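Mapping of the sequence shown onto my numbering: position 107 corresponds to residue 109, and the numbering continues sequentially without gaps.
All remarks here apply to the structure that follows.
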Amino acid sequence: MRLGNKVALITGAASGIGRETALLFAEQGAAVAAVDLNEAAVTALVAEIADAGGRAVPVIADVSTAPGCEHMVAMTEQTFGRLDVLFNNAGIMLSDDGDAISTDEGVWDRTMEVNAKGVYLGCKYGIPAILRSGGGSVINTASFVAVVGAATPQLAYTASKGAVLALTRELAVVHARQGVRVNALCPGPLRTELLMKFLDTEEKRQRRLVHVPMGRFGEAREMADAALFLASDESSYVTGTEFLVDGGLTAAYVTPE
Ligand code: NAD
Numbered sequence: 003m004r005l006g007n008k009v010a011l012i013t014g015a016a017s018g019i020g021r022e023t024a025l026l027f028a029e030q031g032a033a034v035a036a037v038d039l040n041e042a043a044v045t046a047l048v049a050e051i052a053d054a055g056g057r058a059v060p061v062i063a064d065v066s067t068a069p070g071c072e073h074m075v076a077m078t079e080q081t082f083g084r085l086d087v088l089f090n091n092a093g094i095m096l097s098d099d100g101d102a103i104s105t106d107e108g109v110w111d112r113t114m115e116v117n118a119k120g121v122y123l124g125c126k127y128g129i130p131a132i133l134r135s136g137g138g139s140v141i142n143t144a145s146f147v148a149v150v151g152a153a154t155p156q157l158a159y160t161a162s163k164g165a166v167l168a169l170t171r172e173l174a175v176v177h178a179r180q181g182v183r184v185n186a187l188c189p190g191p192l193r194t195e196l197l198m199k200f201l202d203t204e205e206k207r208q209r210r211l212v213h214v215p216m217g218r219f220g221e222a223r224e225m226a227d228a229a230l231f232l233a234s235d236e237s238s239y240v241t242g243t244e245f246l247v248d249g250g251l252t253a254a255y256v257t258p259e
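Right under this line is the structure:
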């Protein structure tokens, strides 16, 4: 059991990376607070974890609000008595996100509220709880777009992920001597609902895959495996990293035919 006796809070747990991570963390011995806005999906997930012999609690909260983040952390401590692993993973990519000229202010603001402010608020309430437990691991989901730009723009999303990466580095430094590790998980393009809704034609999907040396989209489970490493004590000397799990995308200049 790689997460035996640990308590993990996972946001965006109803779908994609969050869902796969909740299943994997529970399988590896963690008690999981599964946080999402989607009550039906997160309740079904918790039942699935319980059926498999794991421990989890559903928490319905909006990570873009302070009361939502305060509530999710309080529920976790009330239910399981502590917090060791905080996975700030919930995020949105709005379909009308484009370049600076085409992106509406409303799209910019909402994307920032969920993706960037949501991570800050998760840390604001989550890090004190981790400190009360004597230390632990924070994992913030950024993206490869925090590191490289794309001609198919999603400006608000890209900027929000840049913010996540920058705040992760700074918090890693701030809390390094308190036993709190803070890392960013930077996924490449994945075959999850979030991206498939954005790349909604086969042509757009193939256009994106041209840049991935492995020639395929990543799977949510492959991000969960990376998050497991960052959550566990196996990564005890790892903090402040941009952990790229991207099929080689950011290493590529020219990709194989
Ligand atoms: P997903 O859409 O499958 O799941 C995201 C979950 O977050 C959903 O269950 C949704 O209900 C929840 N959520 C959205 N807003 C919320 C809010 N305000 N409060 C609480 N929950 C909220 O997405 P995914 O692909 O699993 O993405 C997870 C993370 O990975 C996101 O931060 C995303 O930006 C990032 N990411 C995804 C990709 C990709 O290709 N899919 C690539 C890089 C980074």
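Built from N, CA and C at the ideal position, the CB exists for glycine as well.
Since this is a predicted model, take the numbers as computed values, not measurements.
Exercise for review: Can you grab the Cα-Cα spacing for the pair Gly124 / Glu259, in whole Å?
Suggested key: Taking the first residue of the sequence shown as 1, we reach residue 124 at position 122. Taking the first residue of the sequence shown as 1, we reach residue 259 at position 257. Going from the Cα of Gly124 to the Cα of Glu259 covers about 42 Å.
Review point. Does the distance from the C-beta atom of Glu205 to that of Ala144 stay below 8 Å?
Key: The count along the sequence shown starts at 1 and reaches residue 205 at position 203. The count along the sequence shown starts at 1 and reaches residue 144 at position 142. In this structure, Ala144 does not lie closer than 8 Å to Glu205 by Cβ.
Exercise for review: Flag Ile51 as yes when its Cβ comes closer than 7 Å to any non-hydrogen atom of the ligand GDP, and as no otherwise.
Suggested key: Summarising the ligand content, the structure contains the ligand NAD and does not contain the ligand GDP.
Review point. In three-state terms, what does DSSP make of Val149?
Key: Your numbering for residue 149 matches position 147 in the sequence shown. DSSP places Val149 in coil when its eight states are reduced to three.
Practice item. Report yes if the C-beta distance between Ala36 and Ala68 is below 8 Å; otherwise report no. Key: As a first step, residue 36 must be located in the sequence shown, where it is residue number 34. As a first step, residue 68 must be located in the sequence shown, where it is residue number 66. Not a contact, by the Cβ cut-off of 8 Å.
Review point. Any chance the CB of Met3 is under 7 Å from a heavy atom of the ligand NAD?
Key: By 1-based counting over the sequence shown, the position of residue 3 is 1. No, the beta carbon of Met3 sits no closer than 7 Å to any heavy atom of the ligand NAD.
Check your understanding: Do you know how far the Cα of Thr105 is from the Cα of Met3?
Key -> Here the question's residue 3 lines up with position 1 in the sequence shown. Here the question's residue 105 lines up with position 103 in the sequence shown. Those two C-alpha atoms are separated by around 46 Å.
Review point. Within 7 Å: the Cβ of Val37 and any heavy atom of the ligand NAD?
Key: Position 35 of the sequence shown, counting from 1, holds the residue named residue 37. Correct: Val37 has its Cβ closer than 7 Å to the ligand NAD.
Check your understanding: Could you give the residue range of the beta strand (DSSP E) that holds Val34?
Key -> On the sequence shown, residue 34 is found 32 positions in, with the first residue counted as 1. First-last of the beta strand (DSSP E) with Val34: 33-38.
**Study point:** the ligand NAD heavy atom lying under 7 Å from the CB of Pro260
**Key:** Nothing about residue 260 can be reported from this structure: the residues present for the chain run from 3 to 259 only.
Review point. If you draw a straight line from the C-alpha of Pro60 to the C-alpha of His177, how long is it?
Key: Residue mapping note: residue 60 aligns to position 58 of the sequence shown, counting from 1. Residue mapping note: residue 177 aligns to position 175 of the sequence shown, counting from 1. Taking the straight line from one Cα to the other gives about 28 Å.
Exercise for review: If I'm right that Gly138 touches Leu85 with Cβ under 8 Å, what's the distance once you round it to whole angstroms?
Suggested key: By 1-based counting over the sequence shown, the position of residue 138 is 136. By 1-based counting over the sequence shown, the position of residue 85 is 83. Right, their Cβ atoms sit about 7 Å apart.
Point to revise | Other residues of its chain near Thr170: CB distance less than 6 Å, five sequence neighbours each side excluded | key: Numbered from 1 along the sequence shown, position 168 holds the residue referred to as residue 170. The answer, listed in chain order, is Asn142, Val184, Ala186.
Review point. To which residues of the same chain is Val147 closer than 6 Å at the C-beta, ignoring the five residues directly before and after it?
Key: What you label residue 147 is simply residue 145 of the sequence shown in a count that begins at 1. Taken in chain order, the residues that qualify are Thr160, Lys163.
Exercise for review: Starting from the Cα of Val240, find the closest Cα among Gly249, Leu230, Ala253 and give me that residue.
Suggested key: Taking the sequence shown and counting its residues from 1, the one referred to as residue 240 is at position 238. Nearest C-alpha to Val240: Leu230.
Point to revise | Start-to-end residues for the beta strand (DSSP E) that takes in Thr78 | key: Working through the sequence shown from its first residue, we reach residue 78 at position 76. From DSSP, Thr78 is part of no beta strand (DSSP E) but of the alpha helix (DSSP H) over 68-82.
Check your understanding: Where do the ends of the beta strand (DSSP E) carrying Ala118 lie?
Key -> Your numbering for residue 118 matches position 116 in the sequence shown. Counting along the chain, Ala118 falls outside any beta strand (DSSP E), and DSSP gives it neither H nor E.
Point to revise | Residue burial classification, Ile103 (beta-carbon count within 10 angstroms, cutoff 16) | key: Walking along the sequence shown from the start, residue 103 turns up at place 101. With fewer than 16 Cβ atoms within 10 Å of its Cβ, Ile103 is classed as exposed.
Review point. Is the beta carbon of Val182 sitting closer than 8 Å to the one on Thr78?
Key: Against the sequence shown, residue 182 aligns to sequence position 180. Against the sequence shown, residue 78 aligns to sequence position 76. No, Cβ-Cβ distance for Val182 and Thr78 is not below 8 Å.
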